[in-house]
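Peer 1: To start, I am sharing the structure in question, which I have written as structure tokens.
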Ligand code: NAP
Ligand code: GDP
């Protein structure tokens, strides 16, 4: 019989890639979307135009992880084999502004789903979208499944609650529940406020003369960036193992934001030169026009300065390793901007 998956957060970056992956694998896919005043399904609209994907059945349901009733009703109605909890207020900077909502969705949302699973069907497998932000002020380099946590934002703290409540329900009720500890992963469908998408889109628009300047924050923090397409494959693999467990998913390589900007500019054929220091550091183009400035408002009250993981466990057990590096990631993101132009 066809396997059924239920994805909370189906309209997000990862939700869209995971839906397509599971449909290709022959799953019946159900996704939970929030009601919003504007259409928020642009990342999954192409599923309806792809006969190959559509024929395997794709359904959307209104719901919200802050609302136990909807969580319970949907799980009861669908009775999926697998649940992927990708739903979250996922933007670290905003979590400082709406910490209570972030905790409700990113921490208690997970509890609501786990509780529903224990009441409705303990055989449902569960994936929790954990984050390298839980490592925060890192205690070890590289970070592994054994590295202790030190979150630096309401987002990181909420994800840490979800991490531990998932382990607790696994141990208490014998659930097949896994935590993915995913490092930053990007794609053409990354939210537009995240630094990679902001840089690619901003520099692309500057190149097309549609935008004059790009404003960024701390360009010296370092991230381990992978491609979302690779990372959703790891989520699925976790739920296909004999035993539930937790896995770090990353590339093992880190780069600064400044490096990412320079690489993107180079690929777009923009020659940039940096001048000044600290908040006054600015980038100029070949005509000596300032095209990038740093702005205080994009700095965070507490920063995660450096993140780099080891995917040795995922490689050993899941047979997973990344297929994209920073070059192919940026190429993919730039190609998408060109295709939009066309
Ligand atoms: P994203 O693009 O921001 O997508 C988040 C999804 O969650 C969207 O579909 C959003 O719906 C939905 N959502 C938000 N609040 C909700 C609520 N209260 N109830 C139901 N749905 C809600 O994030 P992503 O990049 O795909 O990441 C997927 C998950 O992995 C998130 O939990 C994120 O925190 C985690 N994660 C991401 C990364 C990364 O680098 N991308 C790294 C580690 C962990 P709308 O479309 O309506 O906003
Ligand atoms: P995060 O790792 O989940 O917080 O992903 P982001 O893409 O939001 O941020 C990655 C890093 O880029 C953080 O250290 C930010 O402080 C830094 N950064 C620098 N400038 C910007 C900016 O303009 N926007 C965002 N989102 N991050 C920025």
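Numbering (the working numbering), first residue to last: 66 to 407. The beta-carbon is built from N, C-alpha and C at its ideal position, and this holds for glycine as well.
Whole-angstrom Cβ separation of residue 316 and residue 387, contact assumed at under 8 Å?
Peer 2: Indeed, because the Cβ distance is near 5 Å, the residues count as touching under 8 Å.
Peer 1: Can at least three beta-carbon pairs, one atom from the stretch 255-269 and one from the stretch 306-321, be found at a separation below 8 Å?
Peer 2: No, the stretch 255-269 does not touch the stretch 306-321.
Peer 1: So, with DSSP's three-state summary, where would you put residue 167?
Peer 2: Note: residue 167 maps to helix in three-state DSSP.
Peer 1: Report all residues from its chain with a CB closer than 6 Å to the CB of residue 398; omit the five preceding and five following residues, and keep chain order.
Peer 2: Correct list, in chain order: 253 and 265.
Peer 1: Using only alpha-carbon positions, find the residue among 313, 125, 351 and 389 that is nearest to residue 383.
Peer 2: Ranking 313, 125, 351 and 389 by Cα distance to residue 383 puts 313 first.
Peer 1: Please check the pair residue 369 and residue 201, which I expect to be a contact at CB under 8 Å, by giving their CB distance rounded to whole angstroms.
Peer 2: Contact flag correct, Cβ pair sits at about 5 Å.
Peer 1: Are three or more beta carbon pairs between the stretch 155-162 and the stretch 174-182 nearer than 8 Å?
Peer 2: No: the two stretches stay apart, fewer than three of their Cβ pairs being nearer than 8 Å.
Peer 1: Just to confirm my understanding: we take residue 108, look at its own chain, exclude 5 residues before and 5 after, and list those with CB closer than 8 Å. What are they?
Peer 2: Correct list, in chain order: 76, 77, 78, 80, 81 and 254.
Peer 1: Residue 278 and residue 356: beta carbons closer than 9 Å?
Peer 2: Yes, Cβ-Cβ distance for residue 278 and residue 356 is below 9 Å.
Peer 1: Starting from the Cα of residue 349, find the closest Cα among 268, 288 and 407 and give me that residue.
Peer 2: Checked all of 268, 288 and 407; the closest Cα to residue 349 is 268.
Peer 1: Alpha helix (DSSP H) containing residue 325: first to last residue?
Peer 2: Counting along the chain, the alpha helix (DSSP H) containing residue 325 begins and ends at 322-333.
Peer 1: Beta carbon of residue 228, beta carbon of residue 291: below 9 Å?
Peer 2: Contact flag unset, no.
Peer 1: Suppose the cutoff is 6 Å on Cβ atoms and the five residues either side in sequence are ignored; what does the same chain contact list for residue 99 look like?
Peer 2: So the qualifying residues of the chain are 129.
Peer 1: At a cut of 8 Å, does the stretch 188-200 reach the stretch 118-138 through at least three beta carbon pairs?
Peer 2: These segments do not touch.
Peer 1: Are residue 196 and residue 221 touching if we call contact CB-CB under 9 Å?
Peer 2: Yes, the Cβ-Cβ distance between residue 196 and residue 221 is below 9 Å.
Peer 1: In whole angstroms, what is the alpha-carbon distance linking residue 84 and residue 72?
Peer 2: Roughly 8 Å between the two C-alpha positions.
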